[in-house]
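The sequence shown lines up with residues 0 to 247 when you count with numbering that gives the first Met the number 0.
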Amino acid sequence: MTISRIVTAETLDTLSEMDPDAQRARRDLRRVHRVMCTRSILCRAFKELVASHQLARPLKILELGAGDGTLMLGVAQVLKPPWLDVELTLLDRQSLIKTETIAKFADIGWKAGPHVTDALDWASTDDLILNDAKAKWDLIVVNLFLHHFEGVELASLLQAISMRTNLLFACEPKRAWIPLLGSHLIGAIGANKVTREDAVLSVRAGFRGAELSALWPSNFVEWRLKEYSTNLFSHCFSAERLKAINAN
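Here it is, written out as structure tokens:
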């Protein structure tokens with residue numbers, strides 16, 4: 000029996016960036032990423048996606064729902080070299096990225112900067128839509144983010160992404176019984192109450208099968224879509240514009 004998808008607001012999303020419970024929950028998320036091997040998943044996917052396209056430098060990457068930026072920093076530290084000359088925009092509705100995190104990106108040749116805005120506001124901004132001559136981003140990445148949305152909001156995000164990038168990679172919670180069981184046991188890694196509650200909601204709002212592929216808008220452009228589960232907890236989706244447009 001499959002689990003029906005139910006999207007419920009998570010507590011962390013309602014807390015201010017300075018709330019002690021929120022700060023603890025963000026530290027918990029770093030441990031969750033280690034358990035889920037998220038960094039390895041992203042590194043492998045990035046290498047495969049970028050290697051299949053001749054993309055000019057600097058390589059322009061956008062992360063939606065970037066949080067404090069430490070996950071992408073870990074990815075960048077693994078990828079360097081030959082991943083030099085990268086321009087990274089870290090978009091989140093809260094200002095969570097520390098100057099020392101930006102400095103660590105610079106140490107490995109990545110020019111990183113925060114963009115504080117709501118992703119749905121970003122999606123509704125017309126001046127970032129690509130045209131026939133120029134793409135806004137070479138790669139957009141989302142991690143544990145799309146599962147917060149459903150219906151019109153999710154469709155709006157996917158539409159905006161498809162109009163602004165050559166490549167997308169998403170790593171989301173897998174909606175299945177084993178991940179759901181694991182979410183109820185997350186206290187074993189020392190997670191606080193916020194994380195324990197949100198973990199269960201995340202799995203119930205996660206994805207399975209080809210759900211994201213079915214929602215992906217083609218916009219009369221040929222895309223290569225790939226959707227798959229990896230390890231016990233993660234559900235991945237990638238989209239490649241077969242005729243990439245220069246983002247520079």
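Cβ coordinates follow ideal geometry from the N, Cα and C atoms, glycine included.
Fair warning: this is a prediction, and the values are worked out from it, not measured in the lab.
Problem - Alpha carbon of Phe236 to alpha carbon of Asn165, nearest angstrom - result: 14 Å
Exercise for the section: Tell me where the beta strand (DSSP E) around Glu9 begins and ends. Expected result: That residue, Glu9, is in no beta strand (DSSP E); it is neither H nor E in DSSP.
Practice task
Report the three-state DSSP secondary structure of Lys97 (helix, strand or coil).
Solution key: coil
Practice task
Measure the Cβ-Cβ separation of Ser233 and Met35 and say whether it is below 7 Å.
Solution key: yes
Problem - Closest residue to Trp82 among Met17, Ala55, Gly68, Gln93 (Cα-Cα distance) - result: Trp82 has its Cα closest to that of Ala55, out of Met17, Ala55, Gly68, Gln93.
Handout entry: Length of the line joining the Cα atoms of Ile5 and Val77
Key = 35 Å
Practice task
Decide yes or no for the touch test of the region 86-104 against the region 168-188: beta carbon pairs closer than 8 Å, at least 3 of them.
Solution key: no
Handout entry: Coarse secondary structure for His234, derived from DSSP in three states
Key = strand
Practice task
May I ask you to verify whether the region 63-79 touches the region 141-156, counting CB pairs closer than 8 Å and requiring at least 3?
Solution key: With a cut-off of 8 Å, the region 141-156 and the region 63-79 count as touching, because enough Cβ pairs lie within range.
Practice task
Flag this pair as yes or no: are the beta carbons of Trp109 and Lys59 separated by less than 7 Å?
Solution key: Contact flag unset, no.
Practice task
Give a yes or no on whether the C-beta atoms belonging to Asp27 and Thr194 are separated by under 7 Å.
Solution key: yes
Problem - Option nearest Asp197 by Cα separation, candidates Leu11, Ile188, Ile160, Met17 - result: Leu11
Practice task
Count the other CB atoms, across all protein chains shown, that sit within 10 Å of the CB of Trp176; report buried if there are 16 or more and exposed otherwise.
Solution key: exposed
Practice task
Could you pull the start and end residues of the beta strand (DSSP E) that Val49 belongs to?
Solution key: Taken as a continuous stretch (DSSP letters only), Val49 belongs to no beta strand (DSSP E), being part of the alpha helix (DSSP H) at 37-50.
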